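A short write-up of the structure that comes next.
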Amino acid sequence: MEQRKHWWNGNWGRLARRDVFLRADADRWHVEQRSGGAEGVSQFYEFGSEDAAYDLVRGLLAGTDAWRELSPRPPGGWSATDLPMGHPLPAEGGHRPLSSGSGRRPRSPGV
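Next up, the structure:
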């Protein structure tokens, strides 16, 4: 199954966050509506056409939330050519190391 689109309502936190995913699998289209972040509750819908799936997505994104489309991660991960100039790749584990002279020091545990 391939993730085609991902929308987020712009809210942080377990109670406020909502996500909508559009996925394709052969000739079937799947929409996931998730409330509460990665460990939240999801509802799943399946459609026989892309148009029908997008009709539901438009309905789910209607309202007052400031929905944003998030880019799906490329199959092989991010490469240096995917990032804007001057932005280093994240280090192993997903954290970007602090460069020397950044003026910031790592926080000590318990602070």
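The letter at position 57 of the sequence shown is residue 56 when you use numbering that gives the first Met the number 0, and the numbering goes up by one with no holes.
Quick reminder that beta carbons are idealized off the backbone N, C-alpha and C, glycines included.
Note that the structure is predicted; figures quoted are calculated from it, not measured.
Item checked: Three-way DSSP call (helix, strand, coil) for A15 in this model -> In the sequence shown, the residue the question calls residue 15 occupies position 16. DSSP places A15 in coil when its eight states are reduced to three.
Note to self: Taking a contact to mean a Cβ-Cβ separation below 8 Å, would you say G35 touches R16 in this structure?
What the structure shows: The sequence position of residue 35 within the sequence shown is 36, counting from 1. The sequence position of residue 16 within the sequence shown is 17, counting from 1. Going by C-beta atoms, G35 is nearer than 8 Å to R16.
Check: Looking only at DSSP bridge pairs, what is E31 linked to?
Finding: Position 32 of the sequence shown holds residue 31. E31 is bridged by DSSP to F20, F43.
Note to self: Just checking: is the beta-carbon of S34 within a distance shorter than 8 Å of some beta-carbon in chain B?
What the structure shows: Annotation note: the requested chain B is absent from the structure, which comprises a single protein chain.
Margin query: Assuming E1 is part of the beta strand (DSSP E), what are its boundary residues?
Written below: If you number the sequence shown from 1, residue 1 lands on position 2. For E1, the enclosing beta strand (DSSP E) covers residues 1–7.
Margin query: So, for H29: in the same chain, excluding its five sequence neighbours on each side, which residues have a beta-carbon less than 6 Å away from its beta-carbon?
Written below: Here the question's residue 29 lines up with position 30 in the sequence shown. So the list reads R22, E45, once near-sequence residues are dropped.
Item checked: Beta-carbon spacing of G9, R67 below 8 Å -> Within the sequence shown, residue 9 is the residue found at index 10, counting from 1. Within the sequence shown, residue 67 is the residue found at index 68, counting from 1. In this structure, R67 lies closer than 8 Å to G9 by Cβ.
Item checked: Extent of the continuous beta strand (DSSP E) to which E68 belongs -> Taking the sequence shown and counting its residues from 1, the one referred to as residue 68 is at position 69. 67–69 is the span of the beta strand (DSSP E), which, as asked, contains E68.
Margin query: I believe D18 touches H5 by the beta-carbon criterion, under 8 Å. Please report the beta-carbon distance rounded to the nearest angstrom.
Written below: Here residue 18 is taken as the residue at index 19 of the sequence shown, counted from 1. Here residue 5 is taken as the residue at index 6 of the sequence shown, counted from 1. At roughly 7 Å, the Cβ-Cβ gap stays under 8 Å, so D18 and H5 are in contact.
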